[in-house]
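Some notes on the structure that comes next.
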Amino acid sequence: MGLSREQNFYLKLQQLAGQKPGQIGIGDDAAFIPLRDFPSNGIIVAKDVLVEDVHFSLKYCSLPEIARKLVAVNVSDLFVKGGTPRFAFSAFSAPRDFFQQNGGQEIFMTALLHELGKYNIELMGGDTTSAAKLYLSLTLFGTIDNFIPRSTDLSRGDKIWQLGKVGASNYALRQLLENKQISDEVRQKYACPTPALQGPLLQGKASIDQSDSVYETLSVLAAKNNVQLEIDLNKFQIHDEVKFPDLEFSQFVLSAAEDLAVFVITAPSEKIEKAVCIGIVADVDCEPLLCNNGREIPVPSELFDHYEFT
């Protein structure tokens with residue numbers, strides 16, 4: 001099973017930092033900080049970075065759309081771990097002319113505040129500096145009461161659920177890079193995806209959102225729990241606008257990235273509303289594997305890479 005350079009870096013960092021098994025922190029969607037006197041309650045923190053020509057291109061995305069995406073990827077991280085976002089700190093680096101010409105700074109910050117307001121998040125502070133390209137960072141602080149989906153204690157037969165559809169973001173980017181015509185609705189699936197979750201997830205044994213590819217996302221879920229996941233590629237929910245004549249269906253599904261769908265593992269008797277069951281936990285306490293029809297799924301030929309713009 002292949003993990004991305006980013007995920008391998010997180011695994012090494014977990015070892016260096018001495019992170020305990022089951023702890024929600026390095027390499028997770030968010031970090032959970034328990035309160036000393038109330039360990040089931042606490043503060044939950046998410047931080048994401050968007051970099052020009054890695055996560056977005058100004059050729060295809062407006063500044064308000066980029067602000068929307070920056071908020072979306074962060075709130076998705078908090079929601080998937082059961083948190084409610086409360087406060088934000090922003091930081092961005094930009095070329096000097098971004099500050100001096102065309103009102104770029106004001107346009108971006110106005111849009112950012114508008115998006116934060118949709119989720120009742122208060123901007124508390126941040127920092128700015130100059131750089132060759134746009135570098136945008138947002139840190140969200142939230143609260144969590146009595147529950148957090150933890151990636152532990154999975155059992156054979158547990159179900160894997162998909163909430164939200166996949167494929168549109170990657171499809172739109174491919175079409176844009178090849179200078180093909182697409183509707184503005186499809187383009188926005190890449191420019192500013194909408195999180196599948198619009199509130200805290202309060203179900204499940206384990207959960208993760210799909211900011212990386214489907215393959216990498218499910219591989220991380222398997223690796224964190226030392227389990228074998230058996231998935232049915234034909235059951236994945238694909239955006240209606242997507243066409244994939246140049247890619248095999250399975251390759252297209254596995255390489256789909258940044259749709260902000262969510263994958264949740266539950267007990268066999270539990271069901272996630274508005275979600276589709278795409279597989280089961282086939283084995284536990286074993287070498288992490290991602291399988292289809294009992295066979296290990298090879299690493300797809302095309303995967304989203306946070307270290308380069310493709």
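Position 148 (the sequence shown) corresponds to 148 in the numbering used here; numbering is contiguous.
Glycine included, C-beta positions come from ideal geometry on N, C-alpha and C.
Model, not experiment: these values are computed from the prediction.
At 4 residues or longer, and completely inside the segment 205 to 274: list those alpha helix (DSSP H) runs for me, N to C.
-> 214 to 225, 249 to 255
Around the C-beta of D158, are 16 or more other C-beta atoms found within 10 angstroms, so that it is buried, or is it exposed?
-> As a working mapping, residue 158 is identified with position 158 in the sequence shown. The residue is buried, with at least 16 neighbouring Cβ atoms inside 10 Å.
How would you call T217, buried or exposed, if buried means at least 16 neighbouring beta carbons within 10 angstroms?
-> Walking along the sequence shown from the start, residue 217 turns up at place 217. Buried.
In its own chain, which residues sit with a C-beta less than 7 angstroms from the C-beta of I280, not counting the 5 before and 5 after it?
-> Start at 1 with the first residue of the sequence shown, and residue 280 comes out as number 280. Hits under 7 angstroms: G157, D158, K159, I160, E230.
Taking just the CA atoms, how far does K118 sit from T143?
-> Residue 143 sits at position 143 when you count from the first residue of the sequence shown. Residue 118 sits at position 118 when you count from the first residue of the sequence shown. Looking at the two C-alpha atoms, the distance is approximately 17 angstroms.
Would you tell me roughly how many angstroms separate the C-alpha atoms of P268 and P200, rounded to the nearest one?
-> Indexing the sequence shown from 1 puts residue 268 at position 268. Indexing the sequence shown from 1 puts residue 200 at position 200. P268 and P200: Cα-Cα distance of roughly 22 angstroms.
Where S76 sits in the DSSP three-state scheme = Looking up residue 76 in the sequence shown gives position 76. In the structure shown, S76 sits in a helix (DSSP, three-state: H, G or I).
Quick one: give me the first and last residue of the alpha helix (DSSP H) that F108 is part of.
-> As a working mapping, residue 108 is identified with position 108 in the sequence shown. F108 -> alpha helix (DSSP H) spans 104 to 118.
With C-beta atoms as the reference, is G164 less than 9 angstroms away from E270?
-> In the sequence shown, counting from the first residue as 1, residue 164 sits at position 164. In the sequence shown, counting from the first residue as 1, residue 270 sits at position 270. The answer is no: Cβ separation not under 9 angstroms.
Any idea if H114 is buried or exposed, counting beta-carbon neighbours within 10 angstroms, 16 or more meaning buried?
-> For the purposes of this step, residue 114 is taken as residue 114 along the sequence shown, with counting starting at 1. When all chains shown are included, H114 counts as exposed.
Can you say whether N120 is buried or exposed, counting buried as having 16 or more other CB atoms within 10 angstroms of its CB?
-> Within the sequence shown, residue 120 is the residue found at index 120, counting from 1. Result: exposed.
Pick out whichever of N179, G126, A196 has its Cα sitting closest to the Cα of Q237.
-> Counted from its first residue, the sequence shown places residue 237 at position 237. Residue A196 is the option with its Cα nearest to Q237.
Supposed contact pair F79 and L136 - C-beta distance, whole angstroms, cut 8 angstroms | For the purposes of this step, residue 136 is taken as residue 136 along the sequence shown, with counting starting at 1. For the purposes of this step, residue 79 is taken as residue 79 along the sequence shown, with counting starting at 1. The pair is not a contact, with the Cβ atoms about 20 angstroms apart (cut-off 8 angstroms).
Distance between beta carbons of K47 and T139, contact taken as under 8 angstroms = Within the sequence shown, residue 139 is the residue found at index 139, counting from 1. Within the sequence shown, residue 47 is the residue found at index 47, counting from 1. Right, their Cβ atoms sit about 4 angstroms apart.
Does the beta-carbon of I33 have 16 or more other beta-carbons within 10 angstroms, so that it is buried, or is it exposed?
-> Residue numbering aside, residue 33 sits at position 33 when the sequence shown is read from its first letter. Exposed, by the Cβ-count rule.
Anticipated Cβ contact below 8 angstroms, A282 with Q228, distance rounded | Residue 282 sits at position 282 when you count from the first residue of the sequence shown. Residue 228 sits at position 228 when you count from the first residue of the sequence shown. About 5 angstroms; that satisfies the 8 angstroms criterion.
For P95, collect the residues of the same chain with a Cβ closer than 6 angstroms to its Cβ; drop the 5 residues on either side in sequence, then sort them by chain order.
-> Taking the first residue of the sequence shown as position 1, residue 95 is located at position 95. Cβ neighbours of P95 beyond the five flanking positions: none.
Under a three-way DSSP split, which group does S62 fall into?
-> Position 62 of the sequence shown, counting from 1, holds the residue named residue 62. Coil, per DSSP.
Do G126 and F89 come within 9 angstroms of each other at the CB atom, strictly closer than that value?
-> Numbered from its first residue, the sequence shown carries residue 89 at position 89. Numbered from its first residue, the sequence shown carries residue 126 at position 126. Contact flag set, yes.
Please decide whether I272 counts as near chain C, where near means a Cβ-Cβ distance under 9 angstroms.
-> Considering every chain present, this structure includes no chain C. It has just one protein chain.
Given a cut-off of 9 angstroms, decide if I182 and A191 are closer than it, judged by their beta-carbon atoms.
-> Locating residue 191 in the sequence shown gives position 191, counting from the first residue. Locating residue 182 in the sequence shown gives position 182, counting from the first residue. No.
Give a yes or no on whether the C-beta atoms belonging to S155 and V54 are separated by under 9 angstroms.
-> Within the sequence shown, the letter at position 155 stands for residue 155. Within the sequence shown, the letter at position 54 stands for residue 54. Not closer than 9 angstroms, so no.
Helix, strand or coil: which one does DSSP assign to Q203?
-> Taking the sequence shown and counting its residues from 1, one reaches residue 203 at position 203. If DSSP states are grouped into helix, strand and coil, Q203 belongs with coil.
Under the three-state reduction of DSSP, which class applies to N170: helix, strand or coil?
-> Position 170 of the sequence shown holds residue 170. Three-state result, N170: helix.
Return the chain-ordered list of same chain residues with a C-beta closer than 6 angstroms to the C-beta of E65, the five sequence neighbours on each side being excluded.
-> Numbered from its first residue, the sequence shown carries residue 65 at position 65. Closer than 6 angstroms at Cβ, skipping near neighbours: A191, C192.
How is Q332 classed by DSSP in three states: helix, strand or coil?
-> For residue 332 there is no data in the structure shown, the boundaries of the chain being 1 and 310.
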